[in-house]
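Under full-length UniProt numbering, the first residue of the sequence shown is numbered 1, with each subsequent residue one higher. See structure below.
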Amino acid sequence: MTDGRLLAVSDLHVGVADNGPVLDQLKPTGPDDWLIVAGDVAERVDAVEAALRVLADRFAKVIWTPGNHELWTTAQDPVAVDAPERYRLLVERCRALGVATPEDPFPVWQGPDGPYAVAPVFTLYDYSFRVPGVHTKAESLARARDNGVICTDEFRIDLGPYAGVEDWCRERVAATEKALSAHDPELPLVLVGHWPLDRRPTDVLHYPDFAQWCGTELTADWHRRFNVAAVVYGHLHIPRTTWYEGVRFEEVSLGYPREWRRRGHPRGLLRQIFPYPGPPERPVPAP
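Here it is as structure tokens:
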């Protein structure tokens, strides 16, 4: 048992000029603090590795799962491989740094009100978060284009052997469900993913069509099926706390400078997941 904290952040986007200096401000409160990094560190493999090395040197343990930006293939990155190979490469780089990944056993945080197993999950999306009135991927994408909404993933994620991202998503979900089912149900979980595991956090998006790039309905019951104490995610760039069926969901994004300059950092750069400091916002009632 330690007196450390379990902290979290996502969407650092350190390749953006004004976000780079923020990395220097991410510091532990003590020698036993753990840090969750829920994806979108950067687009370049070397930049992701460099940022995680800095954080691994500061925190007792770092847990990482990829976001969509880590999967991009861009002309600026000398590592020109498809997204599945990029993921495998980043897992290797993380392991060399001692950073836990979705391919590793769940590390167990032993804090003041623990223990909790921290489970980084890599689930992707499958276009099932559709707006009302559309029934297929093709209809959903066409509707989004008509509304002027498109995700850069459509141009920058090279899927390699997969016919579509939904195929990779189904494979990832199946493998993750297997690992979660094998986990000791007496040891509560902190689920960590880049994409929200439930659709409801996307209800506040300014552009509802963007939700289709934000997750999969296949994970909607995970916080009920398994012994989950909290869910940590990013991607939406809307940091907040919500509650669904009695489980706390924490969106922990830093986001882009235009976003964090407007809203500031009212809850700090790092979100404290455990020990839970108390509800700063009113829980969302069950439907």
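Even for Gly, the Cβ is constructed at its ideal location relative to N, Cα and C.
Query: CB of residue 188 within 8 Å of CB of residue 125, strictly; Result: no
Query: Three CB pairs or more closer than 8 Å across the stretch 66 to 77 and the stretch 17 to 34; Result: no
Query: Beta-carbon separation (whole angstroms), residue 53 vs residue 97, contact threshold 8 Å; Result: 6 Å
Query: Residue 61, DSSP secondary structure in three states; Result: strand
Query: Whole alpha helix (DSSP H) elements within the stretch 70 to 107, 4-residue minimum; Result: 83 to 97
Query: 7 Å Cβ shell around residue 201 - same chain, five flanking residues per side excluded; Result: 236, 242, 249, 251
Query: Element boundaries [alpha helix (DSSP H), containing residue 138]; Result: 137 to 146
Query: Where residue 109 falls: helix, strand or coil (DSSP); Result: strand
Query: Beta-carbon contacts of residue 130 that lie in its chain and below 7 Å, excluding the five residues immediately before and after; Result: 140, 212
Query: Length of the line joining the Cα atoms of residue 58 and residue 28; Result: 7 Å
Query: When 239, 277, 258 are compared against residue 266, the one with the closest alpha-carbon; Result: 239
Query: Classification of residue 86 by the beta-carbon crowding that lies within 10 angstroms, buried from 16 upward; Result: buried
Query: Beta-carbon separation (whole angstroms), residue 197 vs residue 119, contact threshold 8 Å; Result: Their Cβ separation, rounded to whole angstroms, is 11 Å, which puts residue 197 and residue 119 out of contact at 8 Å.
Query: Per-residue DSSP class, three states only, for residue 293; Result: Only positions 1 to 287 of the chain appear in the structure, and residue 293 is not among them; the question remains open.
Query: Contact belief for residue 51 with residue 14 at Cβ below 8 Å, rounded distance in angstroms; Result: 5 Å
Query: Assigned exposure category for residue 123 - 16 Cβ within 10 Å defines buried; Result: buried
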